[in-house]
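If you read the sequences in order, they're chains D and L.
Note that our numbering gives residue 130 to position 130 of the first sequence, counting from 1, and the numbers run on in steps of one.
Whatever position you read off the second sequence (first residue = 1), add 1000 for our numbering.
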Amino acid sequence: MSPAPRVFLVDDQPAVLKSLARLLTAAGLESTCYQSAQAFLDDGRTDVPGCLVLDLSMPGMDGIALQRALAEQACILPVIFLSGTGDIDSSVRAMKFGAADFLTKPVDADKLLAAVHAAIEANARARARRAELDGIRALLASLTPREFEVLQLLVQGKLNKQVAAELGAAEKTVKVHRGRIMAKMKTRSLADLVRMVDRAGALRK
Amino acid sequence: MTPPSNQDNPRNKTMQASGAAFDSAVLDSLSSHIAVLDREGVIVAVNRAWKQFALDNAAQPGIAPGLTEVGTDYLAVCDRAGGDRAEGAHEAAAGIRQVLRGESGEFVLEYACHSAHQRRWFIMMATPLGSERGGAVLAHTNITARKLAEEALRQSEARNRALISAIPDIIFTLSRAGEYLDVHASDPSLLFMPPERFLHKKIAEVMPASLADAFLAVIAETLRAGAMREMRYWLPVGSEERYFEVRFAPIGDDAVIAIVRDITGSEKERRSRELKAAQLSGRLESREADLHESEQRLALAAEAANLGIWIRDLARGEFWASERWRRLFGFEPDEALEVSSVLERIHPADLPLALDVFGAPAADDGNSDFAYRVLLPNGAMRWISSRKRLECDAAGQPILVRGVSLDITPRKLAELEIQQKQREVTYLARIATLGELSGALAHELNQPLAAILSNAQAAQRFLARDNTDLDEVRDILQDIVDEDKRAGEVIRRLRRLFSKGEASLHALDLNELALEVVRILRNELINRGVMLQTELAPALPPVRADRVQLEQVIINLVSNACDAMEALPMPQRLVIVRTEVGDGNVQVTVEDRGTGIAPQQADKVFVPFATTKDHGMGLGLSICRNIVHAHGGRLWFENNRGGGASFHFNIPAADAGGAA
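Written as C-alpha cells, this is what we have:
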C-alpha cells in the first residue's frame, strides 16, 4: 500500500508556510514545509505520492529553477505555483514548463485545495501508470532473447507459420515460444500482448 | 680901420666903430685870452682876459707866467716849456710857426692846464693876422665847461655801454621810418643774422612783412605818445621759433631805441604753467565731476539696492538711521529711534539673531551677515539682511557699530520657492522610484495578506469540525494579528516613502536604515535575481538626518546597482551595502559588480536628465546628491578594481555639528 499523498510546501516566508500548512491540515491533508528549493531537493523525497506547492520568487533557486531541476530528475510530482505578482509572463512561462497550476497570493482556500486535490489525483494516476509500465517492463525483461524476438514478430500480426519462416525455426518451436511468452506475460490474448508492448513502448528491432 | 675923425661928433664920442680904442674895447670884451704875435712870434698885443689870466696864474710854472707881457717871445716860451706841458707847448709852437709862415690857415690845439684846485682845459686857436706885417692871432679859450661836459658825457656813455653790455638783450636804434641806425647784441646768436647786416636796412627788408608793419605802427605810437611801448612777437631764429619782447622808447622825435629780449624760455614756461594749470583745473573739474558722478551712482545704487544705513553710538547710547533704512523698517523719517523700537519690529522667531545684529557685541566677529524678518506696522513682512562692523577706539574698546541693511525679500522668497520646488522634485523622484518598485512593494504586502487569508480560512475549517481544537484556533488568530501588524508596518513604511512632508531631522542609526532598505527592496532583488550582502560596521555614531530622504538615496543607489548588473549571469549579480565610521561622519557604500562607469560618462553621472538607461528620467543621482549635500555630506563614486562601481556618501555625525 503506497503511503498517503503529501503536499510539499516551498516558500521563503515562514508565516506563509505555516498558514498554508494549517489550511491543508484543516482539510485533512499531510504537508511538509521547506523554506528553500534547495532544502526540498536535499531532502530527496521526490518519489513520494503528492504534489508541490511552490512560491514563484524565492532568493537563490526560485520556483521555476526547482521545476526544471525536478524535470531533469524525471520527477513526476505535479507543481502548483503560488505567486505574489500576478504577471502574465511568469504564469505563461511556468505553464510552458509543465506546471500543474498557477495561483496568486493571497490564495483563497477553496481554490488552493481544489488545485491540490486535482494535483494529487493526477499524481496518483501518473504513479499508477508508471507502476503499470514498470510491471510490463519487468515482465518483458523476463523473456529470453529468442522469446523477445518471437514477441516482436507476433505483435506485428504475423502467424506462427510466418514467424517460423522468418526466424528459420520450426512452426512447432514458435508455438512453444508463444505459449511461454503468454505465460510469462500473464496474458491469454494476443490483443493484450500487443497492448502491453505498445504501452511499454519498447519495440526493439 | 677908419682914421680918427669927427671926435667932436657927439655920436662919434659915444660909439666910435673904429680906431685903436674901439679895437681894444672889442678885444677886451672877449672872454678868450687873445694875443697878437708878429711874424717872429713875439707878442705885440694882448687883451684884458690874457692879462688877467697871466695874473691868475702867476704862481704857475710853465707857459702861463711868460705870457703876460707884450714883447715876450711866445714861441721861445713854448720851446722852453718843460715837464708835462712840454709836448703840448712844442706842438703849439710848431702849429703857430706854420700859421706864421702861412703854411696853414688855422691851428687849433686843445690842452689841459690844471690849477692847484681845479681842472682846466683850453683851446688855443692861432690864425694868421691878415695884414702885410704878417703875424698871428692867438686865442686861448677856456673850454673847461665843455671838457667837463665831454668827460661827463664820456663817463655817462661808458656807463651806458657797460649797462648795455650787461643787458642780455638786443638793442636796436631805429628811425621813425624803420631804418636800423644801430645794433647792439651781447649775444649775436640771438639775432637771426649778424648785427652788421642790420645796419641801415629798413625793417621791412629784414623782418616778415606783417611783423615789420607791426613794428612801424608801434614805433609811430611810441613817438606820438613820447612814452615807452612794448610788443611781443614770434620769430624764427636758426632752426627754432623764438618768442621776443620788444620795448620801444623814444629818442627825440625821430628815433626810438628798441630793447629786444628773448623770452622764449619764459614764454614756454608760462605756457607750460598755463597748460598745467589748465590741466590741473581740468583734472580737478573732472575729479569733481567724477566724485559727483560717483556720489550719484552711490546714491542710485543705494536706492536701487534698497540699502539702508544705521549707526549705533555705544558711548552715547544713540541710534541713527538713514531715511531709506527708516523706510525699510516702516519708521517715519523724523520718528525718534532707539534700539528697542527697532527690536519691537523684529519677527519673534528671529529676535535672538536681531539682538546679535543691533545689540552691543562682545567682540568683533568681522563682517557678519544676518538675515531676519521684520514686521511692519501695516502688517507686511520683509526679509532684511544686515551687516555690521565694529569701530573701536585706540584702546580697542568698541565705540560704534555701523551697519547696512538690505531688503532681501524678493531674494528670500525666490530661495524659499526654489527650496519648495526642490522638495517637490525630490518627492516626485521618490514617487517615481516607488512606482518602479511597485511590483516588488505589492509583493511584499501580499505575503502577510496571504498568510492572513490562509490562516483565517484554516480557522474556519477547524471551527466547522465537531471537535475543534480551540487552542489551535487561538494560535491561528494570534498569527493573524501578527501578520496584520506586519502588513501595517509595510504600509507605514510605504506611506513614509510616499509622504511629501518637509524634512524632519532625527538621530538615525544608518545601519538600521540600511537594513530597512534591504527589507523594502527584498522582493525587487529577488525578482531581478540579485544577491545583496551587508557589511555593517558595529557601533555607528548616530547622524541627524531625514529618514525617508536617506532611504531614498540608498534605494536609488541599490536600484542603480541592479540595473548595472542586468547583463551579468544571475549567480554573479552581487550588491554589497557597507557602513563604516569616517572622520566625524558615517560613510555608506553601495558596491556592485556591474559594468562600472565609463570615462566619458564620468562627469555626466550627477547631471540631471543625463541617463544611459532606457527607462527613467535620469534624475535619481542628481536628487540623491542634493539630498546628501543638504545634510552636509558628500556623494561620490569610483570604479572598482575588480569591476563594477562603488557609490559612497557620508553624513556628518550628529555630535560633530550634524546637518543644517
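Even glycine gets a Cβ: it sits at the ideal position worked out from N, Cα and C.
Notebook entry, point to check: Could you give the distance in angstroms between the alpha-carbon of residue 1644/L and the alpha-carbon of residue 75/D?
Noted result: Taking the first residue of the second sequence as position 1, residue 1644/L is located at position 644. Taking the first residue of the first sequence as position 1, residue 75/D is located at position 75. Residue 1644/L and residue 75/D: Cα-Cα distance of roughly 40 Å.
Item checked: residue 1642/L versus residue 1594/L - alpha carbon distance -> For the purposes of this step, residue 1642/L is taken as the residue at position 642 of the second sequence. For the purposes of this step, residue 1594/L is taken as the residue at position 594 of the second sequence. When only Cα atoms are considered, residue 1642/L and residue 1594/L end up about 10 Å apart.
Checklist line | Length of the line joining the Cα atoms of residue 1357/L and residue 1498/L | finding: As a position in the second sequence, residue 1357/L is number 357, starting the count at 1. As a position in the second sequence, residue 1498/L is number 498, starting the count at 1. So the two alpha carbons sit approximately 41 Å from each other.
Margin query: Taking CB distances under 9 Å as the criterion, tell me whether residue 32/D reaches chain L.
Written below: Residue numbering aside, residue 32/D sits at position 32 when the first sequence is read from its first letter. Taking CB atoms only, residue 32/D has no neighbour in chain L less than 9 Å away.
Next item on the list: Give the residues of chain D in contact with residue 1441/L, contact being defined as C-beta atoms less than 7 Å apart.
Entry: Against the second sequence, residue 1441/L aligns to sequence position 441. Here the premise fails: no neighbours, minimum Cβ distance about 10 Å.
Item checked: Any alpha helix (DSSP H) of 4 or more consecutive residues that is wholly inside the stretch 1079 to 1163 of chain L -> Counting only runs of 4 or more, we get 1086 to 1101.
Notebook entry, point to check: Using a beta-carbon distance below 9 Å, is residue 1459/L in contact with chain D?
Noted result: As a position in the second sequence, residue 1459/L is number 459, starting the count at 1. At least one C-beta of chain D is nearer than 9 Å to the C-beta of residue 1459/L.
Item checked: Alpha carbon of residue 1049/L to alpha carbon of residue 1250/L, nearest angstrom -> Numbered from 1 along the second sequence, position 49 holds the residue referred to as residue 1049/L. Numbered from 1 along the second sequence, position 250 holds the residue referred to as residue 1250/L. Distance between the alpha carbons of residue 1049/L and residue 1250/L: 44 Å.
Margin query: Against chain D, with Cβ distances strictly below 9 Å, would residue 1448/L count as a contact?
Written below: Start at 1 with the first residue of the second sequence, and residue 1448/L comes out as number 448. Chain D contact via Cβ: present.
Check: Is residue 1313/L near the ligand MG, with its Cβ less than 8 Å from a heavy atom?
Finding: As for the ligand MG, it is missing from this structure, which has no ligand bound.
Item checked: Closer than 9 Å to chain D by CB, residue 1470/L -> Position 470 of the second sequence, counted from the start, is the residue given in the question as residue 1470/L. By this cut-off, residue 1470/L is not an interface position.
Check: How would you list, in chain order, the residues of chain D whose beta-carbon sits under 9 Å from the beta-carbon of residue 1479/L?
Finding: In the second sequence, the residue the question calls residue 1479/L occupies position 479. Within chain D, the residues near residue 1479/L are 15, 18, 19, 22.
Check: What residues match up with residue 1534/L in a beta bridge as DSSP calls it?
Finding: Along the second sequence, one-based indexing puts residue 1534/L at 534. Note: residue 1534/L sits in a beta bridge opposite 1577/L.
Notebook entry, point to check: Whose C-alpha, out of 5/D, 170/D, 33/D, is nearest the C-alpha of residue 11/D?
Noted result: For this step, residue 11/D is matched to residue 11 along the first sequence. Among 5/D, 170/D, 33/D, the Cα nearest to that of residue 11/D is on 33/D.
Notebook entry, point to check: Who are residue 1636/L's beta bridge partners in DSSP?
Noted result: Position 636 of the second sequence holds residue 1636/L. In the DSSP output, where bridge partners are listed per residue, residue 1636/L has 1648/L.
Note to self: Using a Cβ distance threshold of 8 Å, determine whether the stretch 1541 to 1550 of chain L contacts the stretch 1509 to 1519 of chain L, with at least three qualifying pairs required.
What the structure shows: In the pairwise beta carbon analysis, the stretch 1541 to 1550 of chain L is classified as touching the stretch 1509 to 1519 of chain L: at least three pairs are separated by under 8 Å.
Note to self: Can you check which of these residues, 1246/L, 1256/L, 1203/L, is closest to residue 1225/L by C-alpha distance?
What the structure shows: Locating residue 1225/L in the second sequence gives position 225, where the first residue counts as 1. It is 1256/L whose Cα lies nearest to the Cα of residue 1225/L.
Check: Hey, which unbroken runs of the alpha helix (DSSP H) at 4 residues or more fall wholly within the stretch 36 to 89 of chain D?
Finding: Taken in chain order, the complete alpha helix (DSSP H) segments of 4 residues or longer contained in the stretch 36 to 89 of chain D are 37 to 43, 63 to 72.
Note to self: So, for residue 1062/L: in the same chain, excluding its five sequence neighbours on each side, which residues have a beta-carbon less than 7 Å away from its beta-carbon?
What the structure shows: Looking up residue 1062/L in the second sequence gives position 62. Its pLDDT being 46, under 50, residue 1062/L is placed unreliably by the model, and the measurement read from it follows with that caveat. Short of 7 Å from the beta carbon of residue 1062/L, and not among the five residues preceding or following it, lie these beta carbons of its own chain, in chain order: 1081, 1083, 1085.
Note to self: Measuring straight from C-alpha to C-alpha, what distance separates residue 1551/L and residue 16/D?
What the structure shows: Within the second sequence, residue 1551/L is the residue found at index 551, counting from 1. Within the first sequence, residue 16/D is the residue found at index 16, counting from 1. In a straight line, the C-alpha of residue 1551/L is about 27 Å away from that of residue 16/D.
Check: Can you list, in chain order, the residues of its chain whose CB lies under 8 Å from that of residue 1638/L, leaving out five sequence neighbours each side?
Finding: Position 638 of the second sequence, counted from the start, is the residue given in the question as residue 1638/L. Closer than 8 Å at the Cβ level, and outside the excluded window around residue 1638/L, lie 1645, 1646, 1648.
Notebook entry, point to check: Using CA coordinates, which residue listed in 149/D, 172/D, 78/D is at the minimum distance from residue 98/D?
Noted result: Position 98 of the first sequence, counting from 1, holds the residue named residue 98/D. That would be 78/D, whose Cα lies nearest to the Cα of residue 98/D.
Checklist line | For residue 1138/L, the nearest candidate out of 1374/L, 1037/L, 1625/L, 1259/L (CA to CA) | finding: Position 138 of the second sequence, counted from the start, is the residue given in the question as residue 1138/L. Nearest option by C-alpha distance: 1037/L.
Checklist line | Span of the alpha helix (DSSP H) around residue 110/D | finding: Along the first sequence, one-based indexing puts residue 110/D at 110. Where residue 110/D is concerned, the enclosing alpha helix (DSSP H) stretches over 109 to 141.
Checklist line | Where residue 84/D falls, given that 16 or more other Cβ within 10 Å makes a residue buried | finding: One-based indexing of the first sequence puts residue 84/D at position 84. Note on residue 84/D: 16 or more other CB atoms within 10 angstroms of its CB, so buried under the neighbour-count rule.
Next item on the list: Report the neighbours of residue 57/D on chain L: residues whose CB is nearer than 8 Å to its CB, in chain order.
Entry: Position 57 of the first sequence, counted from the start, is the residue given in the question as residue 57/D. In chain order, 1443, 1523, 1526, 1527 make up the part of chain L whose C-beta sits under 8 Å from the C-beta of residue 57/D.
Check: Hey, how far is the Cα of residue 1379/L from the Cα of residue 1578/L?
Finding: Along the second sequence, one-based indexing puts residue 1379/L at 379. Along the second sequence, one-based indexing puts residue 1578/L at 578. Going from the Cα of residue 1379/L to the Cα of residue 1578/L covers about 53 Å.
Notebook entry, point to check: Is DSSP giving residue 1585/L helix, strand or coil here?
Noted result: Locating residue 1585/L in the second sequence gives position 585, counting from the first residue. Three-state result, residue 1585/L: strand.
Notebook entry, point to check: Could you give the distance in angstroms between the alpha-carbon of residue 1148/L and the alpha-carbon of residue 1031/L?
Noted result: Indexing the second sequence from 1 puts residue 1148/L at position 148. Indexing the second sequence from 1 puts residue 1031/L at position 31. Their Cα atoms are separated by approximately 18 Å.
Check: How big is the Cα-Cα spacing for residue 1422/L and residue 1400/L?
Finding: The count along the second sequence starts at 1 and reaches residue 1422/L at position 422. The count along the second sequence starts at 1 and reaches residue 1400/L at position 400. One alpha carbon belongs to residue 1422/L, the other to residue 1400/L, and they sit about 42 Å apart.
Next item on the list: Assign residue 1661/L to one of two classes, buried (16 or more other C-beta atoms within 10 Å of its C-beta) or exposed (fewer than that).
Entry: One cannot answer for residue 1661/L here, as it falls past the ends of chain L, which runs 1001 to 1660.
Next item on the list: Would you decide whether residue 42/D is buried or exposed? Buried here means 16 or more other CB atoms lie within 10 Å of its CB.
Entry: In the first sequence, counting from the first residue as 1, residue 42/D sits at position 42. Only exposed fits residue 42/D, as fewer than 16 other CB atoms lie within 10 angstroms of its CB.
Notebook entry, point to check: For the alpha helix (DSSP H) that residue 1236/L lies in, which residues bound it at each end?
Noted result: Reading the second sequence from its first residue, position 236 is the one you call residue 1236/L. Run containing residue 1236/L: none in the alpha helix (DSSP H); it sits in the beta strand (DSSP E), 1229 to 1237.
Notebook entry, point to check: Are the C-beta of residue 25/D and some C-beta of chain L separated by less than 9 Å?
Noted result: The residue labelled residue 25/D in the question sits at position 25 within the first sequence. So yes, residue 25/D belongs to the interface.
Note to self: Considering only the alpha carbon of each residue, which of 1651/L, 1312/L, 1435/L, 1565/L lies closest to residue 1398/L?
What the structure shows: Taking the second sequence and counting its residues from 1, the one referred to as residue 1398/L is at position 398. When each option's Cα is compared against that of residue 1398/L, the closest is 1312/L.
Check: To which residues of the same chain is residue 1666/L closer than 7 Å at the C-beta, ignoring the five residues directly before and after it?
Finding: Outside the displayed range of chain L (1001 to 1660) lies residue 1666/L, so it cannot be described from this structure.
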